[in-house]
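Structure first, then comments.
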Amino acid sequence: MDNQPTMTALTVTLKARIEPERRADLEDAFTQVMQGMNKDIQVTGGGTLLSDSGEIEECDIELSVAEANDENISLIIQLFSSMLAPKGSRLIVHGEDTVIEFGDEEGLALYLNGTELPDEVYENSDINDIFDKMDEAVEDIGAIHGVWEGPTETAFYFYGSSFAEMSALLQPIIDSTPLCQKSRVVQIA
4 MDNQPTMTAL
14 TVTLKARIEP
24 ERRADLEDAF
34 TQVMQGMNKD
44 IQVTGGGTLL
54 SDSGEIEECD
64 IELSVAEAND
74 ENISLIIQLF
84 SSMLAPKGSR
94 LIVHGEDTVI
104 EFGDEEGLAL
114 YLNGTELPDE
124 VYENSDINDI
134 FDKMDEAVED
144 IGAIHGVWEG
154 PTETAFYFYG
164 SSFAEMSALL
174 QPIIDSTPLC
184 QKSRVVQIA
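The opening residue of the sequence shown carries number 4 in the numbering used here; numbering runs sequentially from there.
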């Protein structure tokens, strides 16, 4: 007779626009913590939802858990909340039709115009320098967690405690940086 526990499938959907490599980092960190706690909770897969334009919308991390009890579900939510859990994130317990919304962080996308600025602006600008300045500007309340290079725009995705505060901290950089001309700021969580 097989005494293997029946595993329950869970999906954690993070309302975060992060690249698959960053999602893999979260999966690895989650796995290390679960192993350290001797929890029978494993990452079994993951995926990224893209918009029609190819921009990341959200990502899934698929889990298998031996005991889908309140304690383990709470632990999973707490752990992802401590790493990255924008508003609109959710945990789905498959087979039970249970969906638990979680996440407190707000998201800000800064879209840099990649086609309509004078050539000398692109030639004389270092996007990595701008990235570093912006990440430093919000470091007390958030961080850049993702980047997307589209056909006409490049986006930096910030997540933190307040969209309004991140926007206010970034505005002086946006106003004083030639590469940020014609950029747009959008709340994404």
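C-beta: ideal position from N, C-alpha, C; glycine also.
Predicted model only: the values in this text are computed from it and were never measured.
Check the C-beta distance from residue 108 over to residue 192 and give it rounded, since I have them as a contact under 8 Å.
Confirmed, Cβ separation roughly 7 Å.
Is it buried or exposed, residue 115, if we count other Cβ atoms within 10 angstroms and call 16 or more buried?
For residue 115, the number of other beta carbons within 10 angstroms of its own is at least 16, and it is reported as buried.
Is it true that the stretch 146 to 157 meets the stretch 18 to 28, where meeting means three or more beta-carbon pairs spaced less than 8 Å apart?
Flag = yes, the stretch 146 to 157 and the stretch 18 to 28 touch.
What does residue 190 pair with, by DSSP beta-bridge criteria?
Paired residues: 111.
How many angstroms separate the CA atom of residue 122 from the CA atom of residue 179?
Here the C-alpha atom of residue 122 lies approximately 18 Å from the C-alpha atom of residue 179.
Once the 5 residues before and after residue 10 are set aside, which same chain residues still bring their CB inside 7 Å of it?
Around residue 10, the same chain offers 67, 68, 69 as residues with beta carbons nearer than 7 Å, after the five sequence neighbours per side are excluded.
Taking only the alpha-carbon atoms, compute the straight-line gap between residue 29 and residue 23 and give it to the nearest angstrom.
Answer to the nearest angstrom: the Cα atoms are 10 Å apart.
To test your reading of the DSSP string, which unbroken beta strand (DSSP E) runs of 3 or more residues are found completely within the stretch 75 to 157?
The qualifying runs are 92 to 96, 101 to 105, 109 to 116, 145 to 152.
Do residue 79 and residue 105 have their C-beta atoms within less than 7 Å of each other?
No, they are not a contact pair.
Let's test the definition: count the other Cβ atoms within 10 Å of the Cβ of residue 37 and tell me whether it reaches 16, buried, or not, exposed.
Buried is the label assigned to residue 37, since at least 16 other Cβ atoms lie within 10 Å of its Cβ.
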